[in-house]
């Protein structure tokens, strides 16, 4: 058999609780907010500290690419929303400028009595997400941020995803996934926008994209939501509401005599499995 990699829009990223802890509860009674990840400097620092190519090489064994957002390479992707490479020194400077300092010399920065430390949840059964979570924790430690990676069940994630960072997987052929992930209207709805991210300018662009009847007009609004004309947007160069990590290649062992034809670009999960093209498969020997 041979190992066959297939292109996908399947990605993995860290969702940050976006609002501080004020005692607010979600509609289903779960606590909301995190006093560390709600700070822009912390979110930006994580984005700059992570070496995404090292994650691809080490955790994915080369079968993937660095992720800069939830829709990399798709027609509605805005390259200006991305940050280039990783820069731990820049991450440290961002934290320093925001008042996060390591006053006691324990390696973790503090500000106003709050340590730059948070928990990163991942599904305990998912070894790929475990590898990503542990690697990210190692990468951000030198800049003074302490991440505790914790594998738990989805039942536990359901109760803690508004207060703890979560390593999620997404990726769709449909741009409306951006609306679901970043619109304030979707905050706390199922797994949509669990961090309660909100930005009125982003909301306006997302609403305009959803209302547009011309795909090109819609794409302009989708791109503007990621990075506006004057900066901003939900991407890592703006609000850094997430730290997107990697895009996956889906890998399959295939009989040497089986020609799969031209595989489709696959989304996250099983919405478009490899067998979707089975009518085009052919035996060659």
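In the numbering used here, the protein residues as written are 23 to 307.
For glycine and all other residues, C-beta sits at the position ideal for the given N, C-alpha and C.
Here the structure is a predicted model, which is why all the values come from computation and not from measurement.
The Cβ-Cβ distance between residue 225 and residue 206 falls below 8 Å. Residue 28 sits close to residue 274, with the two beta carbons spaced by under 8 Å.
If you draw a straight line from the Cα of residue 248 to the Cα of residue 106, it is about 15 Å long.
Classified as exposed, residue 160 has fewer than 16 neighbouring CB atoms from the shown chains inside 10 Å of its CB. For the 8 Å CB-CB criterion, residue 64 and residue 55 do not form a contact. Counting along the chain, residue 243 sits inside the alpha helix (DSSP H) bounded by residues 237 to 248. Along the length of the segment 45 to 110, whole beta strand (DSSP E) runs at least 3 residues long occupy 86 to 88, reported in chain order. For residue 30, the uninterrupted beta strand (DSSP E) run begins and ends at 24 to 37, by DSSP. In this structure, residue 86 sits near residue 268, with a CB-CB distance shorter than 8 Å.
Under the three-state reduction of DSSP output, residue 144 falls in the strand class. By the neighbour-count criterion, in which a residue is buried when 16 or more other Cβ atoms sit within 10 angstroms of its Cβ, residue 284 is exposed. Taking 8 Å as the cut-off, the Cβ atoms of residue 174 and residue 146 count as close.
Listed in chain order, the non-local C-beta contacts of residue 24 below 7 Å within the same chain comprise 276, 278, local neighbours out to five positions each way being set aside. Counting only the Cα atoms, residue 171 lies some 8 Å from residue 152. Measuring C-alpha to C-alpha distances from residue 216 to each of 238, 180, 237 identifies 180 as the nearest. The beta carbon of residue 184 is closer than 8 Å to those of 39, 48, 52, 53, 54, 55, 210, 216, 217, 218 in its chain, skipping five residues each way along the sequence. Cα atoms of residue 74 and residue 241: separation of roughly 26 Å, rounded to the nearest angstrom.
Distances from the alpha-carbon of residue 182 to those of 158, 155, 142 put 142 closest.
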